[in-house]
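This report concerns only the one structure given below.
In the numbering used here, the protein residues as written are 85 to 575.
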């Protein structure tokens, strides 16, 4: 039996060779700190289990050394070993396909797999012990593919667990090993290209964490090119590990990470720590998960969210990339400008059709504001303004003046702000709900309404207390959480 290197007692992956005098060895694949004596005991236990497995699978007294004749080895493999290996391959291949048939991306962080990788690494070790009985090309292919499916599944499980905890470096190590284990046959070309793209995306993030932001931008751009190449090759394939829909999702994440890398590089060149960017991303992902669950938002939203975030960071570092309303206050809140047009009927006996147009402001820090739409129609007061009197309502003119006063600028140096949490489409849907609520007050007089987001403006606020932000423009924001908790999402 071949010598077995030390293995992690938690995930089963190989451990690095310990230095003389070391008593602890950290696993590069799952991050667990192994006591050397425990890792040694685990390997000894593995050896005993492998020896027992060999005794069970082979005839008594049969070993590689006692069966020198290749024809005899082939006969033993065909009659005894192959049926068992074929079943093992079918099982581990099914698990392999289960994992590679889903996105292997850092964002949104995947759910932690409900199983450990250790069993798959142990299965691969078992198969390796009878490798020399596979003397024909077909038999060797069966053995090698079974080892590949077992090891790769183990590495992917480890990678997903690492990504679920934002352990980007461990995830990268596992993806690299999975990539290295792929056979050289042409049938694996697409999965190799896909894992190479995944590796490049994750490598971009590791460079941000290492504060090498220029390299991060380059790697993120390369990952998009790799996905474009892969997309061209998957147009006619039905391979589950290179499914076009899954590849499209991973490409979307790569494009979002390119925006994040660009923002990080801008932040770093302005003398700021790019780790602040990554901390914000990790915190925001909880908000994004809530939006996905409650509004059913697609993964494509991350491209717009990351792009708006990039513009926000440019605005934080002196570039006039954003639209700001000048007023007192040092806390900048983003609002989507919504152009709303609707038709309504008026008159009691002789009903006439009429049209109106208003501008709505939708706060983009959902779900942390009670009423995200600035109440220009007076719905919260219980006495909404009549549709035909809208133009006379003071807050309508106030909102119009606020929007028209916004100018392209950058944030003041001592200010803090929130990047937009939601997309244009979601802001429009929230505005639609506001109009539906108004229509209920108007007893269904509104016959048609359309909303369109036309931009984002940042309005300065101050804290009145932990639950209310106000400004001198004339409207407040009521928060659903204390500001001290919300400010974790500010930069």
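Beta carbons are placed, not taken as given, at the ideal position from N, Cα and C, and that holds for glycine.
Computed from a predicted structure; not experimentally measured.
- Taking one beta carbon from each stretch, the segment 270 to 279 and the segment 117 to 134 have fewer than 3 pairs nearer than 8 Å; the two do not touch.
- Judged by beta-carbon spacing, residue 207 lies within the 8 Å limit of residue 172, meaning their Cβ atoms are closer than that value.
- C-alpha of residue 170 to C-alpha of residue 116: approximately 33 Å in a straight line.
- The C-beta of residue 350 has 16 or more other C-beta atoms within 10 Å across all chains shown, which makes the residue buried.
- Under DSSP, residue 441 forms a beta bridge with 425.
- Apart from sequence neighbours up to five positions away, the residues of its chain that approach residue 234 with a beta-carbon distance below 6 Å are 176, 204, 207, 208, ordered along the chain.
- Taking each of 549, 452, 398 in turn and checking the Cα distance to residue 497, the smallest one comes out for 398.
- Residue 444 sits away from residue 479, with the two beta carbons spaced by 8 Å or more.
- For residue 534, the enclosing beta strand (DSSP E) starts and ends at 530 to 549.
- In the DSSP assignment, residue 408 falls within the beta strand (DSSP E) that extends over 406 to 408.
- In this structure, the alpha-carbon of residue 530 lies about 14 Å from that of residue 473.
- Using a C-beta cut-off of 8 Å, the segment 312 to 329 makes no contact with the segment 293 to 300, since fewer than three inter-stretch Cβ pairs fall below that distance.
- In this chain, the beta strand (DSSP E) harbouring residue 493 covers 491 to 493.
- With a contact defined as Cβ atoms closer than 8 Å, residue 165 and residue 214 qualify at about 6 Å.
- When the beta-carbon positions are compared, residue 411 and residue 555 come within less than 8 Å of each other.
- Closest by C-alpha distance to residue 371, out of 162, 536, 100, 507, is 507.
- Nearest to residue 386 by alpha-carbon distance, out of 190, 490, 470, is 190.
- A direct Cα-to-Cα measurement between residue 415 and residue 405 gives close to 18 Å.
- If you draw a straight line from the Cα of residue 120 to the Cα of residue 227, it is about 31 Å long.
- For the pair residue 307 and residue 100, the Cα-to-Cα distance works out to about 29 Å.
- Note on geometry: alpha-carbon atoms of residue 509 and residue 446 lie some 12 Å from one another.
- In the DSSP assignment, the residues bridged to residue 420 are 446, 540.
- The C-alpha of residue 340 is placed about 20 Å away from the C-alpha of residue 353.
- Ranked by how close their Cα comes to the Cα of residue 157, the residues 219, 122, 184 have 219 in first place.
- For a cut-off of 8 Å, the C-beta gap from residue 251 to residue 95 is around 12 Å, too long to register as a contact.
- Taking C-beta atoms as the reference points, residue 511 and residue 420 count as a pair closer than 8 Å.
- Judged by beta-carbon spacing, residue 392 lies within the 8 Å limit of residue 504, meaning their Cβ atoms are closer than that value.
- Of the residues 322, 489, 310, the one whose Cα lies closest to the Cα of residue 334 is 310.
- With a contact defined as Cβ atoms closer than 8 Å, residue 347 and residue 192 miss out at about 18 Å.
- Less than 8 Å separates the beta-carbon of residue 242 from that of residue 113.
- Residue environment for residue 358: buried (at least 16 other C-beta atoms within 10 angstroms of its C-beta).
- Judged by DSSP secondary structure, residue 516 falls outside any beta strand (DSSP E) and instead within the alpha helix (DSSP H) spanning 508 to 525.
- Residue 105 and residue 278 have their C-alpha atoms some 41 Å from each other.
- A straight-line Cα-Cα distance of about 36 Å links residue 291 and residue 413.
- Ranked by how close their Cα comes to the Cα of residue 551, the residues 537, 569, 534 have 569 in first place.
- Note on residue 501: 16 or more other CB atoms within 10 angstroms of its CB, so buried under the neighbour-count rule.
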